[in-house]
Each structure stands twice: as structure tokens, then as C-alpha cells.
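**Student:** Quick one: the structure is below, and I'll ask about it shortly.
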Amino acid sequence: MVLEEEWFSAYINEACSHRIIPQEKAVELVKKYQEYDDINAMNELILCNQRLVLHFVKKTNYSMKNSMWMICCGNDGLREAIERYNPEKSAFSTFAGKMIKWSIKAGLKDEVMTSIPVPAIRFEKIKKLESLIHEYAFKDETLTDKIIAERIGCSVGTAKNVRVDYNTYFRKGRKMLYPSLIEEPKKEDTEELIDIMLKGLAELPKKYRSALEMFYGINCKKKTLNNIGKKFVDKGYIRPRRDINLSSLGSRAGQIKNEAFEMLKEYML
């Protein structure tokens, strides 16, 4: 991660080199962009508010992993703030700060939703692969699958923008945008993982086991959360209310399913 750390240090120096503009100047620049589509005005606002973006990136991302991606999320929020800002309602820095924070949080939520767990047995090989990619970034030679197989001792497949879930190893909730190469899973590893999952599923209380079985179609036909909710009312797992509707049944079934998944993850770890 040396390259990312160097880039982030350079970004901090660049962000701090721009002066903070007063409210009156910010309003003037926003007006130029909103009324006359002045791109130079927007660029000046973005440059002069990089300290604000940096503040929320640091506040949200303590480990400094994914700093480049999070800065992009923050700048998306800043651009939206410039487009929507109304000077009669609040100061520009206050409104921009809220939009930056919301954009970063939305990005984090998206990352969590699209992350995939990687079995711990492959962790060391993934770290070797990361080092190898950084090493070849400074070489004219192309990093081929054959070179990777020789250096890290495994065949590889290609997967772009794969997010690796570090919860698998540290349970600290750290997520990291990974390079475009990961180890190709072996058939025996996959079968072993399925066996562990099924054993864990059998250990869960009946309510939680049923939620996962019906949602993923294990030994039965897959069902929607709404249908699972209706089944759970019939079985007494969800207590019906007088004003209950189908969507709230699905929401409550989804909560049970998520709790069951967390319990299953604990068993597998």
C-alpha cells in the first residue's frame, strides 16, 4: 500500500495549499455556476473545499484504506452541494459538509453491500499478490497469470473491482477495494466451505434456520421476504399486529434473516 500512502500524503499537501474562501465569495461562485454554468467557478469551489473533504475522509476512515475512493465519494457530494446550494438557508460550508458526509456514508454502505467474504486460507496469497502488483507497477514487463502462479504458488482468475471483506480475518469492519486479480477458488475448497456452512445452519435455532433456508432455497423453493413473513406469522415466530401489512412483515422477516446470517458467520469463523 506504499503507492496509496504516497498519493494520500501528496493529496493532503495539495488540499492544504488552497486558501479557504469566505461565505460571500462562495455564494458568488455558486451563483456563477448555477446561473451561467461557469465550470471555472465550480472548479475553484472544489479546490478551495478539499480541506473539508479531507476532514470527513479522515473522520470516517481511520485506517486510511481506500482513501482515494473515499475522496472521490466526498467530491461527488461537494459537486452536488454546489448544484443544490441555497444561500438563504445556511452557510455554504455547513451545507457542503452535510452533503460530503452523506455521500461518503452512502459509498461505505454500497461497499459493504457489494463486499464478498474471502476464506482465511487464502489471506497470505492475496497479500503476496498485492505486493507483486505494486512491484510490477514500476516495471516495463507485464504481470501475467503465469508469473503470478510461479511467484505465489496458485492459479489465478480475473475479477474486476472485487471488494475483500476483512471481517473474515479481523472482525474490525475494514473494507478494501482490491486489485483486479484474485485466486481462483478450488473445487475442494468450495465443497469444504459448503459443508461448514450446512453444519453451522443445522446448529441455528429453528426460526433462524428456517429464515435462511427459505430465503436461499436450501432444501425448499426460494421465497421472498414478504412470503417468509407470512409463514412466520403462521408458525408464531412473528407476533401479528392489528395494523400489520405485507411490507412490514417482509421487513421483520428480513431482520430475522440478517440476524441468522450473522449467527452463521460466527459459527463459520
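With the sequence shown counted from 1, adding 73 to any position gets you the working numbering.
All C-beta atoms, glycine included, are put in the ideal place defined by N, C-alpha and C.
Rounded to whole angstroms, what's the CA-CA distance from M168 to A88? Just pull it up for me.
**Tutor:** Residue mapping note: residue 168 aligns to position 95 of the sequence shown, counting from 1. Residue mapping note: residue 88 aligns to position 15 of the sequence shown, counting from 1. It should be pointed out that residue 168 corresponds to Phe in this sequence rather than to Met. In a straight line, the C-alpha of F168 is about 19 Å away from that of A88.
**Student:** Count the other C-beta atoms from every protein chain shown that fall within 10 angstroms of the C-beta of M141, then say buried if there are 16 or more, exposed otherwise.
**Tutor:** Numbered from 1 along the sequence shown, position 68 holds the residue referred to as residue 141. The residue is exposed, with fewer than 16 neighbouring Cβ atoms inside 10 Å.
**Student:** Count the other CB atoms within 10 Å of the CB of N122; is the residue buried (16 or more) or exposed (fewer)?
**Tutor:** On the sequence shown, position 49 is the one that residue 122 refers to. By the 10 Å Cβ count, N122 comes out buried.
**Student:** With DSSP as the reference, label N292 as helix, strand or coil.
**Tutor:** Counting from one through the sequence shown, the residue named residue 292 turns up at place 219. Here N292 sits in coil by DSSP.
**Student:** Specify, as a first and last residue, the run of the alpha helix (DSSP H) that L277 falls within.
**Tutor:** Stepping through the sequence shown from its first residue, residue 277 is reached at position 204. L277 -> no alpha helix (DSSP H), and no H or E assigned at all.
**Student:** Please identify the residue among I221, M270, L127 whose C-alpha is closest to the C-alpha of A83.
**Tutor:** Residue 83 sits at position 10 when you count from the first residue of the sequence shown. Out of I221, M270, L127, L127 has the C-alpha closest to the C-alpha of A83.
**Student:** Hey, which unbroken runs of the alpha helix (DSSP H) at 4 residues or more fall wholly within the segment 140 to 167?
**Tutor:** Qualifying alpha helix (DSSP H) stretches, in chain order: 140 to 157.
**Student:** Alpha carbon to alpha carbon, what distance is there between K132 and K303?
**Tutor:** Translated into positions along the sequence shown, residue 303 becomes position 230. Translated into positions along the sequence shown, residue 132 becomes position 59. For K303 and K132, the distance between alpha carbons rounds to 42 Å.
**Student:** Can you tell me whether DSSP reads L102 as helix, strand or coil?
**Tutor:** Here residue 102 is taken as the residue at index 29 of the sequence shown, counted from 1. L102 falls in the helix class under three-state DSSP.
**Student:** Using alpha carbons as the reference points, say which of F129, N159, E108, E276 lies closest to N148.
**Tutor:** For the purposes of this step, residue 148 is identified with residue 75 of the sequence shown, where counting begins at 1. Comparing Cα positions, the closest option is F129.
**Student:** Give every residue of the same chain whose Cβ lies closer than 7 Å to the Cβ of M38, excluding the five residues on either side of it in the sequence, and list them in chain order.
**Tutor:** Residue coverage of the chain in this structure runs from 74 to 342, which leaves residue 38 outside it and unanswerable.
**Student:** Determine whether the Cβ of S283 lies closer than 8 Å to any Cβ atom of chain D.
**Tutor:** Here chain D cannot be found, since the structure has a single protein chain.
**Student:** So is Y109 buried or exposed if we call it buried at 16+ other beta carbons inside 10 Å?
**Tutor:** Position 36 of the sequence shown, counting from 1, holds the residue named residue 109. Exposed is the call here.
**Student:** Tell me which same chain residues have a C-beta within less than 6 Å of the C-beta of L216, skipping the five on either side of it?
**Tutor:** By one-based count along the sequence shown, residue 216 stands at place 143. Taken in chain order, the residues that qualify are Y209.
**Student:** DSSP three-state label for I94, please.
**Tutor:** The residue you call residue 94 lines up with position 21 of the sequence shown. The answer is coil: DSSP assigns I94 none of H, G, I, E or B.
**Student:** Flag this pair as yes or no: are the beta carbons of I301 and A284 separated by less than 8 Å?
**Tutor:** Translated into positions along the sequence shown, residue 301 becomes position 228. Translated into positions along the sequence shown, residue 284 becomes position 211. Yes, the pair counts as a contact, with Cβ atoms nearer than the cut-off.
**Student:** Can you tell me which of the three DSSP states L216 falls into?
**Tutor:** Working through the sequence shown from its first residue, we reach residue 216 at position 143. Three-state DSSP puts L216 in coil, outside helix and strand.
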